Amino acid sequence: MIQTLLLQAGTGGSNYTQFIMLGGMIAIFYLFFIRPQQKKQKDTRKFIAAIKKGDQVVTVGGIHGKVVNVDDNTITIDVDRGSKLVVEKTSVSLESSKKYAQKS
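In numbering that gives the first Met the number 0, the protein residues as written are 0 to 103.
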(Lines of atoms letter the chains of each structure in order from A and count residues from 1; the text may use other names and numbers.)
(Lines give C-alpha, C1' and ligand atoms only; values in the text may rest on other atoms or scores of the structure.)
Protein backbone atom coordinates (compact mmCIF):
# COMPACT_ATOMS: atom_id res chain seq x y z
CA MET A 1 0.00 0.00 0.00
CA ILE A 2 2.75 2.47 0.90
CA GLN A 3 4.66 1.52 -2.21
CA THR A 4 1.58 2.26 -4.33
CA LEU A 5 1.21 5.72 -2.78
CA LEU A 6 4.88 6.46 -3.38
CA LEU A 7 4.62 5.39 -7.02
CA GLN A 8 1.55 7.57 -7.53
CA ALA A 9 3.30 10.54 -5.95
CA GLY A 10 6.29 9.99 -8.22
CA THR A 11 4.18 10.02 -11.40
CA GLY A 12 2.64 13.37 -10.47
CA GLY A 13 5.97 15.12 -10.95
CA SER A 14 6.40 13.33 -14.24
CA ASN A 15 3.16 14.86 -15.52
CA TYR A 16 4.46 18.35 -14.84
CA THR A 17 7.71 17.55 -16.63
CA GLN A 18 5.81 16.27 -19.65
CA PHE A 19 3.66 19.39 -19.67
CA ILE A 20 6.72 21.65 -19.51
CA MET A 21 8.44 19.69 -22.31
CA LEU A 22 5.32 19.91 -24.49
CA GLY A 23 5.09 23.66 -23.87
CA GLY A 24 8.77 24.06 -24.74
CA MET A 25 8.35 22.15 -27.97
CA ILE A 26 5.37 24.29 -28.96
CA ALA A 27 7.34 27.47 -28.20
CA ILE A 28 10.31 26.30 -30.29
CA PHE A 29 8.03 25.27 -33.15
CA TYR A 30 6.39 28.71 -33.09
CA LEU A 31 9.68 30.63 -32.95
CA PHE A 32 11.43 28.69 -35.72
CA PHE A 33 8.60 27.82 -38.11
CA ILE A 34 5.37 29.78 -37.69
CA ARG A 35 6.71 33.25 -36.86
CA PRO A 36 9.20 33.48 -39.78
CA GLN A 37 6.54 32.25 -42.22
CA GLN A 38 4.09 34.90 -41.00
CA LYS A 39 6.76 37.59 -41.41
CA LYS A 40 7.51 36.42 -44.95
CA GLN A 41 3.80 36.49 -45.87
CA LYS A 42 3.45 40.01 -44.44
CA ASP A 43 6.46 41.24 -46.45
CA THR A 44 5.06 39.66 -49.62
CA ARG A 45 1.66 41.32 -49.12
CA LYS A 46 3.34 44.71 -48.59
CA PHE A 47 5.47 44.21 -51.73
CA ILE A 48 2.46 43.26 -53.88
CA ALA A 49 0.47 46.24 -52.61
CA ALA A 50 3.38 48.59 -53.39
CA ILE A 51 3.91 47.49 -57.03
CA LYS A 52 3.77 50.52 -59.28
CA LYS A 53 4.29 51.43 -62.92
CA GLY A 54 7.95 51.17 -63.94
CA ASP A 55 8.97 48.46 -61.43
CA GLN A 56 11.05 45.53 -62.65
CA VAL A 57 9.38 42.27 -61.59
CA VAL A 58 9.73 38.52 -61.98
CA THR A 59 6.72 36.21 -61.84
CA VAL A 60 6.65 32.89 -60.03
CA GLY A 61 6.83 31.26 -63.48
CA GLY A 62 10.10 33.07 -64.21
CA ILE A 63 8.85 35.78 -66.59
CA HIS A 64 10.89 38.99 -66.31
CA GLY A 65 9.41 42.34 -67.24
CA LYS A 66 8.64 45.94 -66.48
CA VAL A 67 5.27 46.95 -65.05
CA VAL A 68 3.32 49.19 -67.45
CA ASN A 69 -0.13 49.09 -65.85
CA VAL A 70 -1.50 48.25 -62.39
CA ASP A 71 -5.11 47.28 -61.69
CA ASP A 72 -6.78 46.00 -58.52
CA ASN A 73 -5.80 42.34 -58.89
CA THR A 74 -3.71 42.30 -62.07
CA ILE A 75 -0.65 43.96 -63.54
CA THR A 76 0.44 44.33 -67.14
CA ILE A 77 4.13 43.72 -67.75
CA ASP A 78 6.14 44.61 -70.83
CA VAL A 79 8.23 41.55 -71.58
CA ASP A 80 10.04 42.58 -74.77
CA ARG A 81 9.56 45.76 -76.82
CA GLY A 82 5.80 45.93 -76.81
CA SER A 83 4.99 42.33 -75.91
CA LYS A 84 2.71 42.70 -72.92
CA LEU A 85 1.31 40.11 -70.53
CA VAL A 86 -1.45 40.50 -67.98
CA VAL A 87 -0.73 38.53 -64.80
CA GLU A 88 -2.20 38.32 -61.32
CA LYS A 89 -0.44 40.40 -58.67
CA THR A 90 -0.12 37.32 -56.50
CA SER A 91 2.04 35.63 -59.16
CA VAL A 92 4.87 38.12 -58.64
CA SER A 93 7.82 36.67 -56.71
CA LEU A 94 9.22 38.91 -53.97
CA GLU A 95 12.68 37.30 -53.76
CA SER A 96 13.22 36.98 -57.52
CA SER A 97 12.00 40.52 -58.16
CA LYS A 98 14.42 41.95 -55.58
CA LYS A 99 17.34 40.06 -57.16
CA TYR A 100 16.29 41.19 -60.65
CA ALA A 101 15.99 44.84 -59.56
CA GLN A 102 19.49 44.72 -58.02
CA LYS A 103 21.00 43.42 -61.27
CA SER A 104 19.36 46.12 -63.40
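Note that beta-carbon positions come from the ideal geometry of N, C-alpha and C, so glycine has one too.
Computed from a predicted structure; not experimentally measured.
By Cβ distance below 8 Å, which residues in the same chain neighbour Val91 in space, the five residues on each side in sequence not counted?
Phe46, Ile47, Ile50, Val56, Val57, Thr58, Val59 and Ile74
Own chain, CB closer than 7 Å to Ser95, minus 5 neighbours either side, in chain order
Val57
Residue closest to Leu84, alpha-carbon to alpha-carbon, out of Gln17, Gly23, Gly61 and Gln101:
Gly61
Does DSSP put Ile62 in a helix, a strand or coil?
coil
Only counting the same chain, and skipping five residues up and downstream in sequence, which positions put a Cβ closer than 8 Å to that of Ile1?
Because the pLDDT of Ile1 is 49, which lies under 50, any placement of that residue in the model is unreliable, and the question is left without a value.
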